[in-house]
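Protein sequence lines, in the order shown, are assigned to chains A and B.
Numbering-wise, the first sequence is residues 1 to 382 according to the numbering used here.
Numbering-wise, the second sequence is residues 1 to 660 according to the numbering used here.
Each residue gets a CB set at the ideal place from its N, CA and C atoms; glycine is no exception.
Predicted, not measured: the structure shown is a model, and the values here were computed from it.
Structure, as structure tokens:
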Amino acid sequence: MDMLLNRLKELTNNKYFQCIQCGTCGGSCPYGAYTPYTPRRMILAIRLGMVEDILNSNAQWLCTACQTCTSRCPSRIQITDGIIPALREKSLLEGKVPEELSTALINIMRYGNPFKESPMKRDGWAKELDFEVPTMMKKKSAEVLLLPECFGAYHRRCKQATKALAKVMKILEVDFAILGREERCTGDHVRLCGEFALFEDLMEKNMKVFRKYEFKYIVTHDAHAFNALKNFYGLNVLHHSQFLHDNLEKLKGMFNELDYTVTYHDSCYLGRKNGIYEEPREVIRSIPGVRFVEFKRNRENALCCGAGGGGIWLDSVMREFVKVRPAEDRVREAKEVGADVIVTGCVLDIPMFEDALKVTGLDGEIVVKDIAELVLEALEGG
Amino acid sequence: MRIGVYVCHCGRNIADVVKVRELVEFAKRLDGVAVARDYKYMCSDPGQELIVRDIKEHNLDRVVVCACSPKMHEKTFREALKRANLNPFLFQMANIRELCSWVTQDHEKATEKAKAYLKSAVERVKLHEELEVRRVRINPRVLVIGGGIAGITASLLLANSGVKVYLVEKEPTIGGKMAKFDKTFPTLDCSACILTPKMNEIKDNPNITLLTNSEVIDVKGYVGNFKVKIWRKPRYVREDVCNSCFDCIENCLFEKPEFPSEFDEGIGKRKPIYIPFPQAVPPVPIIDPNTCMWLNGKKCSRYCMEVCEPKAINFDDRGEEIEVDVGAIIVAIGYDLFDARKIERYGYKKFSNVFTAIEVERMLNSSGPTGGEVIVNGKRPERVAIVHCVGSRDEGNRVYCSRVCCMYSIKLARLIRERTNAEVYNFYIDVRAFGKGYEEFYKKALEEGIVFIRGKVAEITDHPINDYEKSEVEKGRVIVVAESTLSNSIVRLPVDMVILSVGMEPPKDLEKIKRLLKLSTTPDGFLAERHPKLDPVSTTTEGIFIAGCVQGPKDIPDSVAQAKASAGDALTLIERGEIELEPSVSEVDKEKCSGCGICVPLCPYHAISMVRYNGRMRAEINPAMCMGCGVCASSCPSRAIKHNLYTTEQIRAEIRALLA
Ligand SMILES: Cc1cc2nc3c(=O)[nH]c(=O)nc-3n(C[C@H](O)[C@H](O)[C@H](O)COP(=O)(O)OP(=O)(O)OC[C@H]3O[C@@H](n4cnc5c(N)ncnc54)[C@H](O)[C@@H]3O)c2cc1C
Ligand code: SF4
Ligand code: SF4
């Protein structure tokens, strides 16, 4: 209990004591209606010494770290980066971990990725391209370090987005390289799952690799990696939508017309957490022929895709509680505003939404594209 | 030098710990001490008389009292010196109670420490000089800035006791926010019925000069002697001749009101020539230069001018600068409302069902734009949600509680229920019904069937998550989402109308006024009072007082009470006719001053200015504004500033004796 309280004090900057029990968090949470413990109820239960009740209910796992509660909390309490991970840490220490998540964490510890894939195959996606993507090991220095992160490196669908981004970089004649087999999970989900020791360990190992090479900045299309590198590693990092935006003048000259009605999904760790709203929109809007529509819930009020904070490995826990997953609600909303393409800012969104399209039967009507994929399409002529 | 030293027992407070006899013997041996005595209570009449008698009999020229804190009795003993015809500043106090007897039980150490204080007081007082109290005359007129209920109340109290008042209001009419309400909590009496008689009194009182559509642009001087410049903006209608027939408005080129009415918060319309509301004071129309055809250089036959019998319309009005001299100023510029657009998820200005409370106040007002009807999207609402704490109690916006929103929300709930029979839901964090009759008012609302759901609204949305919600949204409703914290459930309530109970903010002109009057604010952004409990309507600037919401959120009863208090304080100042200026202030030796100006921004009371002296710029301290804090003296690199009662020599002597 003392350890939990100390962790809470540390992670919330002592603010956790200031909860006024207003319930903004619960009303804002995509799982508010299903969870036995909204963040407010968690705080109340901790105050009342009923932590075990929370842990036994599994509510600590029913959070996809979307930051909605935290961004709205009038007491400015770090719920997402504080209360939830602190409870999860306790749960981990007591051995109460959902199977899927436990496997992912062990894999990350052993292999540097959650898929139990060989680190040697981390640059497999690059081999599928018709040009060579240089590694830092060979090149030693480059202007840009492209970081695909685990999903972008191994996941069947996500690596398509990585390849698109690499192609755009090639077209832009950017001097870039990758870490290849030296790359390892940056650990944002690990941290949000309360595995602080593993996170520290990953960070230390990664920093060793980063320090070996010279590069001006990192570019990544994984919003969680972006968040970890920016706010925890303290590195110079651009989200790929910012990178595309920086090169927009050049890109504009090369764009061909596309005939899409596009809506843009604000990823939690791009928008709410890091305040990046305009750059991706400006990139999309500058493609000729694209009709841009907003989701009803956009910018800081956008709905979560459900993958964050380990959510992507918590599906079975979620299903125990939740009837309609947020991604399903989200694709219906896209339909409501008349979009035929959902453009995403984070690679994790793609499998989440594609899965949701199937469940809702909307897969014939709407497609999901990473912003780099959309840009590449405009460059290559639709 | 002949110094008298007096050691007080303070009953047993001092004498039980400090050996007072030993102290007296110690004093007697000090250089320059002519008399030393101890007494049970030095502050008592016989105690003071002891000093007076000794001064006369022993020809004393300095006095030291070893007793309690100078904050308690320095004044008492200075008065005693005065009675014995000795300059009261040839006096020093040593605090041997709070600093010695109250902090230890060790008799030896307490006595040693007391001796050190006694000696340092003796050494210091030797260097004291005679200081003269100066007097300045006080101008008996008062300026009141802001004509809301606070400014109106203060003006009337002053005027009725014979004081000449200038009341400056920036809008075309006085009345402030209260003029917009239909009813007021907790009594539900009609706002206009209690306010308009007071507004008319302002108009009719010969002691009050009312300057509406005007703003203060410059203030110079100090307590008792302020010189104020006021800018009267052009009204284009002469107040002195207009007879309030309003034929001009009737005959304006614009047959129908077309422009959003400021007074109606934009939900009503007005013409370019208009009167904010029927009982406005002064009851004189105003022409808005932004919407008037003629003033925009467009064609217009100026029917208004044509039909005006007393010839009051004056298109050549250029405004004017007015200068007045006053002795005191009351700031009563009220508050602004939180801009609900800042909380995007509440959908203000996005959904036509979402209103702010003040808009609904206008809607409910029988002389307002809808004639008192509550109409949303063309029909009466059947279900209404009231969202408390919009912008208040929120660290991202305003941390403080705005104090009136709970009560006005309950008021609006009751009025809407009464007029429309709608279901009304209040979403609240805590119901703060703190005032007289307020809890009773809340209970009445509960009895009338108004629903209270404890939970701050998370969002207001038109995105349905199921078929039921879909059909509700299609009916034009929006969905209010909140956690009902008492039932541990998430509420999604489709409603026809949402009222946002926006909180209070410091008025936007406050920055300007603060600069002009050299005032300071508390962290919440409202004006700082001199002492939050014991001096709530004075400011850190002598002669300037505050009233109403400009000091912090409050309701009408509190605003009125504070207005009367500030008028009382202003009267107390004026009634004195003149004020004594503390001589323990700082002075600049202009010969030594290098003109660097470092001291000017450091002075917390803005008492220092640069003046021309023998052809060079030199600092000068206004003794009427100096509060004697000494910041300037300690910061002057040329050592040109001297604090009369804290000279370097005095402080040095004091320290040397303490360390000896
Ligand atoms: C929706 C709502 C409903 C309310 N209902 C009630 C109720 O039922 N009962 C109750 O007790 N309280 C109620 N209140 C609170 C009430 O409004 C305040 O207590 C009261 O109006 C405070 O009066 P005031 O004179 O301090 O400020 P204000 O009413 O704001 O008056 C300030 C005046 O100063 C003027 N001014 C501003 N800047 C300048 C300047 N630079 N120069 C000259 N003049 C200037 C303004 O134009 C205004 O006329 C309610 C508040 C709200 C928001
Ligand atoms: S939103 Fe913040 S203050 Fe309100 S209940 Fe949740 S944690 Fe507490
Ligand atoms: S971060 Fe999102 S999912 Fe997690 S508790 Fe907060 S609102 Fe719910």
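Euclidean distance between Cα positions of residue i and residue j
i         : j         : result
Asp-535/B : Ile-544/B : 12 Å
Ser-155/B : Val-144/B : 7 Å
Glu-89/A  : Gly-435/B : 47 Å
Ile-54/A  : Thr-80/A  : 16 Å
Leu-645/B : Met-42/B  : 23 Å
Leu-167/B : Arg-417/B : 39 Å
Met-305/B : Met-293/B : 13 Å
Thr-572/B : Pro-289/B : 43 Å
Gly-124/A : Ala-223/A : 21 Å
Gly-47/B  : Asp-106/B : 27 Å
Met-610/B : Ala-65/A  : 59 Å
Leu-101/A : Gly-308/A : 13 Å
Val-64/B  : Ser-634/B : 26 Å
Leu-50/B  : Val-18/B  : 21 Å
Pro-98/A  : Trp-61/A  : 8 Å
Val-168/A : Tyr-154/A : 20 Å
Asn-107/A : Asn-247/A : 37 Å
Ser-487/B : Ile-386/B : 19 Å
Gly-146/B : Val-550/B : 10 Å
Pro-85/A  : Gly-27/A  : 20 Å
Cβ distance (whole Å) where residue i is taken to contact residue j below 8 Å
i         : j         : result
Ile-371/A : Phe-353/A : Not quite, the Cβ-Cβ distance comes to about 14 Å (not below 8 Å), so this is no contact.
Lys-508/B : Asp-339/B : The pair is not a contact, with the Cβ atoms about 11 Å apart (cut-off 8 Å).
Asp-524/B : Gly-503/B : Contact doesn't hold; Cβ gap of about 11 Å is too wide.
Leu-118/B : Phe-226/B : In fact, because the Cβ distance is near 45 Å, the residues do not count as touching under 8 Å.
Cys-158/A : Val-368/A : Incorrect: roughly 11 Å between the Cβ atoms, too far for contact.
Leu-165/A : His-240/A : 6 Å
Ala-378/A : Ile-287/A : 5 Å
Arg-72/A  : Thr-24/A  : 5 Å
Leu-74/A  : Arg-393/B : Note that residue 74/A corresponds to Pro in the displayed sequence, not to Leu. Their Cβ separation, rounded to whole angstroms, is 6 Å, which keeps Pro-74/A and Arg-393/B in contact under 8 Å.
Ile-138/B : Gly-224/B : 4 Å
Val-424/B : Ile-450/B : 5 Å
Arg-232/B : Glu-320/B : 5 Å
Residue of the options minimising C-alpha distance to residue i
i         : options                                    : result
Lys-177/B : Leu-210/B, Ile-149/B, Arg-414/B, Thr-356/B : Ile-149/B
Lys-518/B : Ala-640/B, Pro-601/B, Glu-112/B, Val-611/B : Pro-601/B
Ile-358/B : Pro-583/B, Leu-500/B, Cys-626/B            : Leu-500/B
Asp-340/A : Trp-313/A, Ile-108/A, Val-317/A, Glu-294/A : Glu-294/A
Gly-345/A : Glu-214/A, Leu-362/A, Glu-278/A            : Glu-278/A
Asn-426/B : Val-481/B, Arg-393/B, Arg-398/B, Gly-396/B : Val-481/B
Ser-101/B : Ala-192/B, Arg-12/B, Asp-462/B, Ile-546/B  : Arg-12/B
His-128/B : Lys-113/B, Gln-92/B, Leu-157/B, Val-103/B  : Gln-92/B
Ala-563/B : Lys-75/B, Cys-626/B, Ile-152/B             : Ile-152/B
Lys-164/B : Gly-334/B, Lys-271/B, Ala-561/B, Ala-570/B : Ala-570/B
Closer than 8 Å: residue i CB and nearest ligand 1 heavy atom
i         : result
Ile-287/B : no
Ile-450/B : no
Lys-554/B : yes
Glu-169/B : yes
Thr-184/B : yes
Any non-hydrogen atom of ligand 2 closer than 8 Å to residue i Cβ
i         : result
Pro-85/A  : no
Thr-24/A  : yes
Ile-249/B : no
Cys-19/A  : yes
Lys-358/A : no
Ser-538/B : no
To be precise: take each residue of the segment 12-28 of chain A, compare its Cβ to all Cβ atoms of chain B, and keep it if any distance is under 8 Å. Which residues remain? Per Cβ criterion, the list reads Ile-20, Gln-21, Cys-22, Gly-23, Thr-24, Cys-25, Gly-26, Gly-27, Ser-28.
If you measure beta-carbon to beta-carbon, which residues of the segment 476-499 of chain B are closer than 7 Å to chain A? Listed by position along the chain: Val-481, Ala-482, Glu-483, Thr-485, Asn-488, Ile-490.
With 8 Å as the limit, tell me which residues of the segment 295-319 of chain A have their beta carbon closer than that to any beta carbon of chain B; keep them in chain order. Flagged, chain order: Lys-296, Arg-297, Arg-299, Glu-300, Asn-301.
Contact residues within the segment 400-433 of chain B, judged by C-beta distance below 7 Å to chain A: Answer in chain order: Ile-429.
According to a CB-to-CB cut-off of less than 9 Å, which residues of the segment 120-141 of chain A neighbour chain B? Taken residue by residue, none of the segment 120-141 of chain A has a beta-carbon sitting less than 9 Å from a beta-carbon on chain B.
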